[in-house]
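Undergrad: Numbering (the numbering used here), first residue to last: 1 to 472.
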């Protein structure tokens, strides 16, 4: 009987695995012709809905990896940001070391030993089984001081040879560091990888409140830009020296999108690390208020509607795989498996469903659809539009005037979408003019809404639809 149960479970798991969408069947990821988005080789759009799982290779065992990645897929995430090496040496949960100070990888795999790299292989393969990409941060930026050009190239060569053949890899160098810290090392690492792997895309993860475009936009190895809007609230400068933004704009992550798009050549851009859910504002003082679900929603919609090709969510406990008995960073409170029930974690999928409902790779951030003067800080309204649709995010709930003439169609169908649950409310058909809209929410804290405007001759969303439908 036990054998039959085991066999039956195996059949169910196999069927379930085979039913999982594997996006790379559309071909590898490439930059779109308009240089703003990522698409597959066959033209199929790709919307990056990432999660920061930095310490997954170090802290999760095989069973936990399988559980975590299956839950990530169910929650709508399709990219996991992980650190490969965060120290010299780096150890995993099995006590196996990844590297030595010499970065000599000739004997990293030993017969009969489930080592560090075998465990990382397992993570990559489990992610692939769930249709998820691994954005592989090669070595955390703080460790670059312990390297040299030779060591950086050796690391790049080793890791490219090991993973270039995997379909679900996105290369990410850097790691919370300014790009002017040993740029020659980063160049050596990147070029060593690209010499071997000419298929997978690559980016650079920078320090908070900076963008990779500042240092590497002209590099041939940089396929898309990444910024880290970071964890500070307005006015929380905390002694940063080389500041790239104006004072009191710390939460305006849409500014980094515009900053990146000012560079030549034009490259796609994404927020690789916004404020994490349940982390103290400013990171380092546990007595500070914590970022909530409505905060992480704001970061997501502001960034994407400004022109990012996707978004990266993060949770204080999940990113460090917090559990009892582990020393917490940033005053982490709950185990990672409990954190996956937090509201913000489960609300990101609605942004993905929304964008996949439209030909979003044709869209551009266009704030001219907001008639009159736009608001500042939390009253800022951010809009994106295509030829026949527009999406407008209003965080505070303040009344806004929208110019409906900015897209095609003599008549426009209009909905409110609640980004906390994906629910739709049809407002009716409107004439082609400027209209003032006021949401049904109270001012601030949970009042955020998305105004959806569509040429009435189009059927991206049905008038009777009450919620966004799953689209992959």
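Glycine is no exception: its CB is placed at the ideal position from the N, C-alpha and C atoms.
Between which two residues does the alpha helix (DSSP H) carrying residue 203 extend?
TA: Position 203 of the chain shown holds residue 203. That residue, residue 203, is in no alpha helix (DSSP H); its beta strand (DSSP E) goes 202 to 206.
Undergrad: Under a Cβ-count criterion, where at least 16 other Cβ atoms within 10 Å of its own Cβ denotes burial, should residue 37 be classed as buried or exposed?
TA: One-based indexing of the chain shown puts residue 37 at position 37. Classification of residue 37: buried, given that the 10 Å Cβ count is 16 or more.
Undergrad: Select from 401, 156, 418 the residue whose C-alpha is nearest the C-alpha of residue 375.
TA: Here residue 375 corresponds to residue number 375 of the chain shown, with the count starting at 1. When only C-alpha atoms are compared, the closest one is 401.
Undergrad: Does the contact criterion of 3 or more C-beta pairs under 8 Å hold for the segment 44 to 64 versus the segment 308 to 321?
TA: yes
Undergrad: Taking the alpha-carbon positions, what's the residue 9 to residue 24 distance?
TA: Indexing the chain shown from 1 puts residue 9 at position 9. Indexing the chain shown from 1 puts residue 24 at position 24. With a pLDDT of only 42 at residue 9, under the threshold of 50, the placement of this residue in the model should not be trusted; the figure read from the coordinates follows. When rounded, the distance between both Cα atoms is 27 Å.
Undergrad: Taking 6 Å as the limit between beta carbons, can you name the residues of its chain near residue 222, skipping five residues before and five after?
TA: As a first step, residue 222 is located in the chain shown; it is residue number 222 there, counting from the start. The residues are 216.
Undergrad: Can you tell me which of the three DSSP states residue 423 falls into?
TA: In the chain shown, counting from the first residue as 1, residue 423 sits at position 423. Three-state DSSP puts residue 423 in a strand.
Undergrad: Who are the Cβ neighbours of residue 113 in its own chain at under 8 Å, not counting the five residues just before and after it?
TA: Taking the first residue of the chain shown as position 1, residue 113 is located at position 113. Correct list, in chain order: 96.
Undergrad: Determine the burial state of residue 433: buried for a count of at least 16 other Cβ atoms within 10 Å of its Cβ, exposed for fewer.
TA: Here residue 433 refers to the residue found at position 433 of the chain shown. Flag for residue 433 reads exposed.
Undergrad: Within the chosen definition, does the segment 135 to 149 reach the segment 162 to 175 through at least 3 CB pairs nearer than 8 Å?
TA: yes
Undergrad: Looking at C-alpha atoms only, which residue of 236, 209, 233 is the closest neighbour of residue 227?
TA: Walking along the chain shown from the start, residue 227 turns up at place 227. Taking only the C-alpha atoms, the option nearest residue 227 is 209.
Undergrad: I'd like the list of long-range same chain contacts for residue 458, defined as Cβ closer than 6 Å, with 5 residues on each side in sequence excluded.
TA: By 1-based counting over the chain shown, the position of residue 458 is 458. Once the five neighbours on either side are set aside, the close Cβ partners of residue 458 are 388.
Undergrad: Out of 183, 57, 373, which has the shortest C-alpha to C-alpha gap to residue 91?
TA: As a working mapping, residue 91 is identified with position 91 in the chain shown. Taking only the C-alpha atoms, the option nearest residue 91 is 57.
Undergrad: Of all the options 75, 393, 132, which has the alpha carbon lying nearest to the alpha carbon of residue 29?
TA: Locating residue 29 in the chain shown gives position 29, where the first residue counts as 1. The shortest C-alpha separation from residue 29 is found at 132.
Undergrad: Tell me whether the segment 321 to 331 and the segment 351 to 361 touch, counting them as touching only if at least three CB pairs, one residue from each stretch, are closer than 8 Å.
TA: Taking a cut-off of 8 Å on C-beta distances, the segment 321 to 331 does not touch the segment 351 to 361, as fewer than three cross pairs fall below it.
Undergrad: Enumerate, from N- to C-terminal direction, the unbroken alpha helix (DSSP H) stretches of 4 or more residues contained entirely within the segment 118 to 184.
TA: 149 to 163
Undergrad: Applying the criterion that 16 or more other CB atoms from any shown protein chain within 10 Å of the CB defines a buried residue, is residue 207 buried or exposed?
TA: Along the chain shown, read from residue 1 onward, the residue named residue 207 stands at position 207. The C-beta of residue 207 has 16 or more other C-beta atoms within 10 Å across all chains shown, which makes the residue buried.
Undergrad: Just to confirm my understanding: we take residue 483, look at its own chain, exclude 5 residues before and 5 after, and list those with CB closer than 8 Å. What are they?
TA: Here the chain has residues from 1 to 472 only, and residue 483 is not among them.
Undergrad: For residue 200, which residues of its own chain have a beta-carbon under 8 Å away from its beta-carbon, when the five flanking residues on both sides are left out?
TA: On the chain shown, position 200 is the one that residue 200 refers to. So the list reads 28, 29, 164, 169, 170, 171, once near-sequence residues are dropped.
Undergrad: So, for residue 441: in the same chain, excluding its five sequence neighbours on each side, which residues have a beta-carbon less than 6 Å away from its beta-carbon?
TA: Residue numbering aside, residue 441 sits at position 441 when the chain shown is read from its first letter. Taken in chain order, the residues that qualify are 397, 447.
Undergrad: Which word fits residue 418, buried or exposed, when buried means at least 16 other C-beta atoms lie within 10 angstroms of its C-beta?
TA: By one-based count along the chain shown, residue 418 stands at place 418. Buried, since its Cβ has 16 or more Cβ neighbours within 10 Å.
Undergrad: How big is the Cα-Cα spacing for residue 234 and residue 250?
TA: Counting from 1 along the chain shown, the entry for residue 234 is found at position 234. Counting from 1 along the chain shown, the entry for residue 250 is found at position 250. When rounded, the distance between both Cα atoms is 5 Å.
Undergrad: Considering only the alpha carbon of each residue, which of 32, 409, 188, 297 lies closest to residue 378?
TA: To locate residue 378, count along the chain shown from 1; it is residue 378. Considering only alpha carbons, the answer is 297.
Undergrad: Please go through the segment 214 to 282 and give each complete beta strand (DSSP E) segment of 3 or more residues, from N-terminal end onward.
TA: If only uninterrupted beta strand (DSSP E) runs of at least 3 residues are considered, those enclosed by the segment 214 to 282 are 225 to 228, 269 to 271.
Undergrad: Less than 7 Å between the C-beta atoms of residue 307 and residue 365, yes or no?
TA: Taking the first residue of the chain shown as position 1, residue 307 is located at position 307. Taking the first residue of the chain shown as position 1, residue 365 is located at position 365. Yes, the Cβ-Cβ distance between residue 307 and residue 365 is below 7 Å.
Undergrad: Do you know whose CA, among 285, 282, 278, lies nearest residue 343's CA?
TA: Here residue 343 is taken as the residue at index 343 of the chain shown, counted from 1. For residue 343, the nearest C-alpha among the options comes from 278.
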